[in-house]
Amino acid sequence: MEKLHPCSKTGMASQEKQIKNRWGPAAAYSQHAFPKTNNFDLIRLVAAMQVVFVHAVEHLNLPINGTLHAIIYNLPGVPIFFVISGFLISASYVRNDDIWNYLTNRALRIFPALWGCLAVSFLSAWLLGGISQSARIADIGLWFLAQSTFLQFYNPDFLRGYGIGVLNGSLWTIPVEIQFYILTPIVIYLYFRLRLAFTSLFIVFLGINSLNSFSFFDDHLPRLVAALIGVTFLPWLALFLIGVLIQLNYHRVRFLLEGRALWWIVGYTGMISLTLLLNIDISGNRLLLPWSVVLAFTTCSRAFTRKDTSQSLIGRNDISYGVYIYHMLAINAVISLGFVFNWWAMLLALGITLFCSTVSWAFIEEPALRLKPTSLRKSGRVD
Numbered sequence: 001m002e003k004l005h006p007c008s009k010t011g012m013a014s015q016e017k018q019i020k021n022r023w024g025p026a027a028a029y030s031q032h033a034f035p036k037t038n039n040f041d042l043i044r045l046v047a048a049m050q051v052v053f054v055h056a057v058e059h060l061n062l063p064i065n066g067t068l069h070a071i072i073y074n075l076p077g078v079p080i081f082f083v084i085s086g087f088l089i090s091a092s093y094v095r096n097d098d099i100w101n102y103l104t105n106r107a108l109r110i111f112p113a114l115w116g117c118l119a120v121s122f123l124s125a126w127l128l129g130g131i132s133q134s135a136r137i138a139d140i141g142l143w144f145l146a147q148s149t150f151l152q153f154y155n156p157d158f159l160r161g162y163g164i165g166v167l168n169g170s171l172w173t174i175p176v177e178i179q180f181y182i183l184t185p186i187v188i189y190l191y192f193r194l195r196l197a198f199t200s201l202f203i204v205f206l207g208i209n210s211l212n213s214f215s216f217f218d219d220h221l222p223r224l225v226a227a228l229i230g231v232t233f234l235p236w237l238a239l240f241l242i243g244v245l246i247q248l249n250y251h252r253v254r255f256l257l258e259g260r261a262l263w264w265i266v267g268y269t270g271m272i273s274l275t276l277l278l279n280i281d282i283s284g285n286r287l288l289l290p291w292s293v294v295l296a297f298t299t300c301s302r303a304f305t306r307k308d309t310s311q312s313l314i315g316r317n318d319i320s321y322g323v324y325i326y327h328m329l330a331i332n333a334v335i336s337l338g339f340v341f342n343w344w345a346m347l348l349a350l351g352i353t354l355f356c357s358t359v360s361w362a363f364i365e366e367p368a369l370r371l372k373p374t375s376l377r378k379s380g381r382v383d
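UniProt numbering puts the first residue of the sequence shown at 1, with every later residue one more than the last.
Right, dumping it as C-alpha cells:
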C-alpha cells in the first residue's frame with residue numbers, strides 16, 4: 001500500500017480521520033486548528049537565554065540594577081519550557097499514538113545532544129583540572145551512567161572542587177521532562193476516556209504546584225527528600241498539564257491567543273508590577289498559580305501572534321536545547337579560569353555557549369531529528 005505523505009492533503013485528511021477515530025472529533029478539530037507556523041523555537045531560545053542570564057549573574061557575581069533584575073527574574077525560562085512541552089508533546093502523541101514511534105522521537109530529541117554534552121563536560125573538567133585526583137574509575141563510570149540516562153541531578157564528590165561545585169546543575173530538568181514523556185500517553189488517555197479522573201488529578205497537581213510555590217516541601221520535609229521531590233514530576237506536572245489543556249482545546253481558545261500577544265504581555269506585566277509594588281516575591285521557577293496560568297497563555301499567544309517571527313529570525317535552527325545544556329559548562333569553565341565580577345566574563349561564557357549549541361545543532365541534533373519515524377517537524381510543525 002502506498003504510504004501517504006503527512007504534508008499532502010490526502011495524507012492530512014487520513015491523519016485527521018485516524019485521530020477522530022482514536023480520540024474523537026474534538027481532538028481532530030483541535031489538531032487541525034493550531035497553525036503549522038509558530039514561534040515556539042524562538043520562545044524556547046528566549047527562555048533558555050533567561051536561564052543563562054540568571055545563572056551568569058548569580059555565579060559570576062555580576063552587578064545588576066533593580067529594574068533589569070525584576071524583568072529577567074520574573075520571566076522564568078523553566079516554567080515556559082514545561083508549558084511548551086505540554087503543548088507540543090501532547091500534540092505529537094495525539095497525532096501519532098504509536099508508542100514505539102513516540103518514544104523513539106522523544107529519545108532522539110533528548111539523548112544524542114545530551115551524550116555530546118556529557119563528553120564535553122568530562123573533557124572540559126579534565127582539561128581545566130576540575131576532576132579530583134582521588135576520583136576512581138568506578139566513581140567516574142557511575143557519574144557517566146547517571147548523566148547519560150535519567151539521573152542528571154547526581155553530582156559526585158570528585159567534581160565538588162570545580163567551578164561552583166556542581167558541573168551542570170541545570171540538567172535537573174531533563175529527568176523531569178523524561179517523566180513528562182512517560183506520563184503523556186496516560187494523560188491523553190485519561191483526558192479523552194476518563195475525564196473525571198483527569199480533572200480530579202489536575203486539581204490535585206494544581207494543589208501540589210501551589211505547595212511548591214510556597215516552599216512547603218523545603219520547610220516541612222528533610223532536605224534530601226525535598227530535593228528529590230524537586231526533580232520528580234510532582235511539583236511541575238501542573239505546568240505541563242496547562243500546556244496540554246491549551247493544546248487540546250486550541251479550537252476553543254484560539255480567539256484568546258492568535259494576534260493577542262500584546263494583551264497577554266501587558267496583563268502579565270501588570271501582575272508582576274503589582275507584586276513588586278506590594279513587595280511580594282514570586283520570581284523564579286516557583287511562580288504562584290495565577291501567574292503561571294497567565295504566563296502560559298502569554299507564551300502560547302506569542303507563539304501564534306506574528307507566527308513567522310521565529311522563521312524570519314532564526315529559521316529552523318533550534319539551538320535552545322544546546323544553549324540550555326551547555327551554558328553551565330561555559331560558566332564553570334570561565335570561573336575556573338578566574339574570570340568573575342565583570343560582564344566580560346558573561347560575554348565569554350555566552351560566546352562559548354552559543355558556539356557549543358550551534359555545533360550541537362548542526363552536527364548532532366538536526367541529524368538525529370532526521371532519524372525520527374514521524375514528527376510534527378516533518379509535517380510543518382515544531383516538535
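For each residue, glycine too, the CB sits at the ideal point set by N, CA and C.
Residue environment for N65: exposed (fewer than 16 other C-beta atoms within 10 angstroms of its C-beta). Rounded to the nearest whole angstrom, the CA to CA distance from R370 to S273 is 44 Å.
Closest in C-alpha terms to L248, from the list L190, S213 and G230, comes L190.
When secondary structure is reduced to three states using DSSP, F216 falls in the helix class.
DSSP places T232 in the coil class of the three-state scheme, outside both helix and strand. CA-to-CA, the gap between E177 and L62 works out to about 30 Å. For G161, the CB contacts under 8 Å within the same chain, skipping 5 residues up- and downstream, are G130 and S132 in chain order. Counting only runs that start and end inside the region 148 to 180, there is no alpha helix (DSSP H) element of at least 4 residues.
Excluding the 5 residues flanking it on each side, F205 has same chain C-beta neighbours closer than 7 Å at L237, A238 and L241, in chain order. Secondary structure at Q18: helix, using DSSP grouped into helix, strand and coil. Bounds of the alpha helix (DSSP H) holding W291 are L289 to A303. Nearest C-alpha to I280 among T37, A56 and N74: N74. Under the three-state reduction of DSSP output, L128 falls in the coil class, being neither helix nor strand. If one requires a minimum length of 4 residues, the alpha helix (DSSP H) runs lying completely within the region 67 to 119 are 77 to 95, in chain order. Here K372 really is in contact with N105; their C-beta atoms are around 5 Å apart, less than 8 Å.
Taking the CA atoms as reference points, Y181 sits about 19 Å from A197. Taking every protein chain shown into account, the CB of S312 has fewer than 16 other CB atoms within 10 angstroms, so this residue is exposed.
Linking R316 to L262 through their CA atoms gives a straight-line distance of about 25 Å. Cβ-Cβ distances below 6 Å link S301 to L257, R260, A261 and W264 in the same chain, with the five nearest sequence neighbours on each side left out; the list follows chain order. Per DSSP, reduced to three states, the secondary structure at P222 is coil, with no helix or strand assignment. Look at R136 here: in three-state DSSP terms it is coil, with no helix or strand label. Distance from I43 to T299 at the Cβ level is roughly 6 Å; contact confirmed, criterion being Cβ atoms closer than 8 Å. Excluding five sequence positions before and after Y268, the CB atoms of its chain that fall closer than 8 Å to its own CB belong to W291, V294, L295 and T298, given in chain order.
Counting every other CB atom within 10 Å of its CB across the protein chains shown gives P235 a total of 16 or more, marking it as buried. The residue among V340, V83 and R109 with its C-alpha nearest the C-alpha of I164 is V340.
Here V225 is exposed: its Cβ has fewer than 16 other Cβ atoms, across all protein chains shown, within 10 Å. V54 sits in a helix when the DSSP states are folded into three classes.
Collapsing the DSSP output to three states places V340 in coil. In the three-state reduction of the DSSP assignment, R252 falls in the helix class. Closest by C-alpha distance to R95, out of A333, I188, I364 and A125, is I188. Under the 8 Å Cβ criterion, the region 132 to 149 does not count as touching the region 72 to 92, having fewer than three qualifying pairs. Relative to the Cα of F355, the nearest Cα in the group I335, Y326, A138 and A368 belongs to Y326. Counting other Cβ atoms within 10 Å of its Cβ, S215 stays below 16 and is therefore classed as exposed. Bounds of the alpha helix (DSSP H) holding I272 are A261 to L277. For D157, the closest alpha carbon among the candidates P175, R136 and T149 is that of R136. The Cβ atoms of P112 and A368 sit closer than 8 Å to each other.
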